[in-house]
Structure formats: C-alpha cells, structure tokens
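Okay, structure first, notes after.
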Amino acid sequence: MIQSSKLLSSLNASQRDAATTFSGPLLVLAGAGTGKTRVITTRMALLISQGVPAERILSVTFTNKAAKEMTERCTSLIGRGKSKPWISTFHSLCVRILREEIEPLGYRQNFTIIDRGDQESMAREVLRSIRVQDSALKPGDLLSIISRWKSAGVPPAQAPDLACDDREFLAAMAYRKYCDRLRARNSVDFDDLLLLTDKLFSEHPEALKRQQDRFDYVQIDEYQDTNQLQFRLVQAMVSPHENLCVVGDDDQSIYAWRGAEVKHILSFQTHFPKAKVVRLEDNYRCTDEILNIANRLVSYNRERHQKVLRSTKQAVEPVRFEKFPDEVTEAERIGLEISYLIAKRNCEPSDFAILFRTNEQPRAFESELRRRQIPYVILGSQSFYDRKEIRDLLAYLRVIAQPRDESALLRIINTPARNIGTTTVEKVMQRAILTGAPFFEAARECTTRGDLAPRVSQAISNFEQKVEGWRNRFRSPQTLAQSFRQLVEELKYRNEVEKLYKEPAQVATRLESIEQLADALDDYSTRSAKPSLHQFLDEMTLNDRDEFGSDNKKELERNAVKLLTIHSAKGLEFPRVYLVGMEEGLLPHKRSVEGTRKDIEEERRLAYVAVTRAQESLTMTFAETRRKWGKPRKTIPSRFLFEMRTDQQNEDAMAEEEAAAE
-19 MIQSSKLLSS
-9 LNASQRDAAT
1 TFSGPLLVLA
11 GAGTGKTRVI
21 TTRMALLISQ
31 GVPAERILSV
41 TFTNKAAKEM
51 TERCTSLIGR
61 GKSKPWISTF
71 HSLCVRILRE
81 EIEPLGYRQN
91 FTIIDRGDQE
101 SMAREVLRSI
111 RVQDSALKPG
121 DLLSIISRWK
131 SAGVPPAQAP
141 DLACDDREFL
151 AAMAYRKYCD
161 RLRARNSVDF
171 DDLLLLTDKL
181 FSEHPEALKR
191 QQDRFDYVQI
201 DEYQDTNQLQ
211 FRLVQAMVSP
221 HENLCVVGDD
231 DQSIYAWRGA
241 EVKHILSFQT
251 HFPKAKVVRL
261 EDNYRCTDEI
271 LNIANRLVSY
281 NRERHQKVLR
291 STKQAVEPVR
301 FEKFPDEVTE
311 AERIGLEISY
321 LIAKRNCEPS
331 DFAILFRTNE
341 QPRAFESELR
351 RRQIPYVILG
361 SQSFYDRKEI
371 RDLLAYLRVI
381 AQPRDESALL
391 RIINTPARNI
401 GTTTVEKVMQ
411 RAILTGAPFF
421 EAARECTTRG
431 DLAPRVSQAI
441 SNFEQKVEGW
451 RNRFRSPQTL
461 AQSFRQLVEE
471 LKYRNEVEKL
481 YKEPAQVATR
491 LESIEQLADA
501 LDDYSTRSAK
511 PSLHQFLDEM
521 TLNDRDEFGS
531 DNKKELERNA
541 VKLLTIHSAK
551 GLEFPRVYLV
561 GMEEGLLPHK
571 RSVEGTRKDI
581 EEERRLAYVA
591 VTRAQESLTM
601 TFAETRRKWG
611 KPRKTIPSRF
621 LFEMRTDQQN
631 EDAMAEEEAA
641 AE
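All residue numbers in the sequence shown are consecutive under our numbering, ending with 642.
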C-alpha cells in the first residue's frame, strides 16, 4: 500500500491542498514552474492509496510527450507491475472510444486516420471536383478553414451560414464533399476524432453512458489549451459525478490560432459553480529578477485570474535588455557571448536557448554559430513523419491494414516503379469515382472494358496479389517489426533511397530513419498487450501531430545550443535564454498589432511564456533596423519591453537614447 504521508512530504502547502482535494470540481491554477505535474501524479497516487481502482481514474493531456512523462512519474509513485490510471491525450482517448462505438455514425471500426499529406491530396481532389482554382482557394487554406470549423463543432450543413467571405463560402461547398469522401473511404482526419466523439455523445446517449461509467475521477492537464469540442467532451464525461480536476494557467494560453479558448479556464467557476480554486504560486524554475519582470508584463492583461508568482531562487545576474544596430550584429554579439561563456565560464552549449517569434529569424544565428563552430540544433523543424521514406513505408502499412485506404494506395502504387503510370491511375480512379468501386476492383473493370493495356493490367494485378500476401504475413504470429523488415527487403526500398540521394551521408540518414520506424514497431509490440498493425498506425498518426516528436526529443538531449520558436519552447526550460527580435511586428506579431486587444493579450502571454523558460539568465534583444525586401528598415522596440521594465529603467533607457542622439 502506498503511504499517503510519504507522497505528501515533498509538496508545499498549496500543492498539498490540490493533491488531497478529491471530490467535486477543482481548478488548480498552476503558474509556470510551480510543479503541476508533481501535483497531478501525486493526486492520482493518493486516490489509489485511498482504495480507488487505478482503472477508474482518467487523466488527459495534450501531447504524447506529456502523457508519457505523466505515466512514468505515476509509475514511480505507485510502483511497477500494478494497474495504472488511464493516461492519454484527448485524441488517443477519442480513438479508443470510436474504435468501440463508431458504427452508429456510419463508419466501420477499422477506420483509417489519414495524415496531413493525404488530407491535402483529398482537398485538392475536392476543389477540382467543384471547379475551384488554386488562385481562389488553396488546398492548405481549405484544410485550415475546415479544421477551424471542426474544432468549433460546426458540421458541414451549418458552414454556409457561418461563411463570412467568398473564400469561406467556397470552403463550405467543399467541406461537405470532403467529409463525404472521407466516409466513403472509411477514413477520418485528426479533427474528426473529437468531432465524431462529440456527435456520438450527443446522438447516442447509451454510448455516452458506457464511457461515463468507466471513470469515477477525471483530470485535465493544460486546461487553458482546450477548444470548444474538448470542453464539451469533458463536460459530458463528468456530468454524473463532477469529480473533475483541471490544471492549467490562463497566463500561458498561446494556442488561439488552433482553436484553444482561454475563456474555458477563465469561466470554470461559471460552468461548475461548486468549484474549489487552488493557486500554485511558488516557482521553482526562475530567479526572483526573472519572475519580477514576468509578473509585471502579464499584469497588463485584463482577462486573467489574479496570481503573482514567487521565486524560490535569488538572482546571481540581472535581466538584461540589449539593443543592436541590426539583426546581423544581434546574431554576432550573441554568438560571441555564447562562445566566451563556453570557453571561459565552463558553460555547456546545451545551457543556451535562443527563442524567436517567427521561423525566418534563426538564419543569422545559424550562420554565426556555424562560423564559431558552436554546435546547435533547430527544434521543431522537419518532422520525422514528413520524410519521404517514412511517409512511403507508413503508406504501405496503411494499405496492408486497410484495403480501402486509397490515399495511401495512390502514394505507393508506383513507388518503387512498377510500370503503373499517372495516366493509368487517372483512368482507374475515374472508373472508381463513377462506380463507387475500390481501386483494384475498378482496375479489373477497366481491364474488362479494354481501357488498360494487358501489360499494365498485369502489373496492377501482380501488385494486388503482393498486397494480399503482405496482409497475410502481418496477421501471422511473427513480430510486426520482423514483418516490416521483410517488407522493406522485398520492396528493395534501400535501392530506392540510394537512387534518390547521391550523398552517402544523406543515404545513411534516410536508412537510419527506416530502422527507427522498425524500432518503433518493436517498442510498440513490447508495450502492448495485444499488438495490432491498426493500433500501431493510430499511434504513429497521433505522434505526428505532437508538438514534440521523438526526433525533437533526441535533439533536445544533444549538447548543443537550442534555436526554437516560443511556441515550441512551451513546457521546456533552459539555464540561459536569449529572447531575440523584441520589436513591434515581430513580438507582438504584425497580425496581432493590426488585430484586437485580445490578439495583443495572446502575444503578451507568448512573451510571458518565453521569459519564464529562463532558469538563471535572461537577455532580451532588439535590432534598431532589420532588413526587409532587401533594404534596412527602422524598427520600433516592442511595447512589452516597456511593460517589463520599471519606470526608472524606462526613464534611464530614454535618457540614454537622448544622449546618443546628441
């Protein structure tokens, strides 16, 4: 039995209050660096110590990385070999529910979750079918609009009423066709996982009751990031008992652009009038100087819960505000300082992070760090899942798992080349659309009608037989990873990589990626009680949407300077942080400057997140001129710089400016 006193011994008073409140709605306002994961995991362990069966506890977060960390911490508290709480992301939870309950919505249980590349292909097909040119609406823009509607719970029938311009009206026309195509292929996209679960709960109360009956206690991490659908799902799941604990920080709500609504955490007590509120304000990450400017900055936001973070660490060095004549000098001076601190002060490259608002900013820093031979990594760049070889091989696995997954089939039908060209594929697809038949059946119809040359028909038939053979192999008792490695061998895919990439280093990197995919299959098979190709593909598709995938985790662990956007930095911490480009139009971003007060408040929260990544040292910089369209343009220092400094610091800065001007 877990000892409650031992679990509580490492918590401060407010953490203990949150961890020992079990019944009814609970809002834990957890400021940056205040130990929220410790509170959540301790609370679960305490519930189990009180006799609550672990499987009756559900804890939901937003990324697979966070879910994995929570699982590891919980296991260390309750011990290995014991049953564990259900810890997952929102999307993983919805996949599990839909695999059991989706059939009343018109899908089969073995539905496929399509990835971004296949979504774009489908969006392109749909726009073509309603005669919409790229100049009027691009596939990527269509998907963004559809995603926004789905995140807000808007079905295709309501979309035309919400369209506010010509592009959105075209998108509303395409939305219905896009959804019809997905259903016809027994496929769902990432946003459907939430939308269809919400639809299931609202239209099929017996399915909702089955899910409600599973859990007595529900926890939601990062509650400030919930969108409208996630909020409705949470409400539905806890309505019988309201034993709901939500943990979050309205001051770190920075994802409005993907549907997150800060109002859910701000109005929690309105939706749950009996809610208890606990504030975690003791910060264990940042020095007092860093927290002073963070508190000062965020206090300018009107819509927020009142809280003031207190530091447990005294500053050794002050927070610095630096200006440079241009962005090249900004990069040079920061590169010089990092080089000096590594050489003379025993700092490690991994101690440093350079944070920026936009993806265009790191180029100058890359050049400077490379020139000084300082190791660096850019986090959040190309995903492991975006690589051609990974997308190709996952498409093979998806076709093997789901015969009607035509998006995946069309990707691999002639990769590696097997004499099935584009013209052939177009003929077969026209027949498939006309008759509603699957691809291989439509190909046989084309052969009967004489639309295909005998050689091409034979190539398609041979490929169909191979797919069926692979399908049988993946059903056999041998491991999934072993079957995958045999598939790669039969495809001669290594030869394909060697043809595509001429540099030996590139070939080695790509082959290593393939081996990483095999390792992922091995890892999944070890973890899962009943491994299946379907379940593995679900995991991979959900991982692809994570802010931080496995590649980024490896990069994060390297002894190198980290270059990353502020959005990518959320949840991370570094001893020494440079927050660069503190200028109007960059931070706050130009779109927000031209927008509303709420847009500026979100940018202020973003600056607050950036500041609170720093553990020991924080330097904020801006350039007096920045090149745009080939010419240096004057900049305006970010309003956030003035808000962070005391009146005296601002007066001193203005006096310096005036003296320099004279």
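Glycine included, each C-beta is placed from N, C-alpha and C at the ideal position.
In this structure, the beta-carbon distance from Ser131 to Asp171 falls below 8 Å. Residue Met600 holds the alpha-carbon nearest to the alpha-carbon of Met562 among Tyr203, Leu544 and Met600.
Bounds of the alpha helix (DSSP H) holding Cys426 are Phe419 to Arg429.
Judged by their CB atoms, Tyr356 and Leu467 are not nearer to each other than the 8 Å cut-off.
Bounds of the alpha helix (DSSP H) holding Phe211 are Gln208 to Val218.
Relative to the Cα of Thr69, the nearest Cα in the group Val32, Gly551 and Ala46 belongs to Ala46.
Following the DSSP letters along the chain, one finds Lys303 inside the beta strand (DSSP E) bounded by residues Arg300 to Asp306. Gly228 is bridged by DSSP to Leu9. Phe181 is not a Cβ neighbour of Leu175, given a cutoff of 8 Å. The beta-bridge partner set that DSSP reports for Trp66 consists of Leu38.
In the structure shown, Ser167 falls within a strand segment according to DSSP collapsed to helix, strand and coil.
Taking the Cα positions, Asp499 is about 41 Å away from Cys426.
By the CB criterion at 8 Å, Leu(-12) and Thr21 fall outside the cutoff. Between Leu117 and Leu150, the CB-CB gap stays under 8 Å.
Listed as beta-bridge partners of Phe336 by DSSP are Thr545. Closest by C-alpha distance to Ala439, out of Ala549, Arg424 and Arg429, is Arg424.
Between Asp201 and Tyr235, the C-beta spacing is not below 8 Å. Annotation: Tyr473 is outside any beta strand (DSSP E); the continuous alpha helix (DSSP H) that includes it extends over Tyr473 to Leu480. Rounded to the nearest angstrom, the Cβ distance from Leu359 to Lys550 is 12 Å, too far for a contact under 8 Å. Under the three-state reduction of DSSP, Asn263 is assigned to strand. Here Ser167 is not near Asp366, since their CB atoms are 8 Å or more apart. Taking the Cα positions, Arg474 is about 33 Å away from Leu544. About 7 Å separates the beta carbon of Ala10 from that of Gly228, a gap short enough to meet the 8 Å contact definition. Per DSSP, Phe554 is one residue of the beta strand (DSSP E) stretching across Phe554 to Leu559. Taking the C-beta atoms as reference points, Met624 is found nearer than 8 Å to Ile273. A distance of 8 Å or more separates the beta carbons of Ile126 and Tyr87. Of Thr415, Asp502 and Pro434, the smallest CA-CA separation from Arg465 is found for Asp502.
When DSSP states are grouped into helix, strand and coil, Thr626 belongs to the coil group. With a cutoff of 8 Å on beta-carbon distance, Cys266 and Thr177 are scored as not near each other.
Taking C-beta atoms under 8 Å as the contact rule, Ser39 and Gln199 qualify, at a distance of about 4 Å. Shown here, Gly565 sits in a strand according to DSSP, grouped into three states. Assigned with DSSP and collapsed to three states, Thr14 falls in coil, not helix or strand. In this structure, Arg337 sits near Leu567, with a CB-CB distance shorter than 8 Å. According to the DSSP secondary-structure assignment, Tyr356 is paired through a beta bridge with Val541. Between the segment 280 to 290 and the segment 569 to 586, the count of Cβ pairs shorter than 8 Å is three or higher; the stretches touch.
According to DSSP, residue pairing for Ser597 in a beta bridge involves Arg556.
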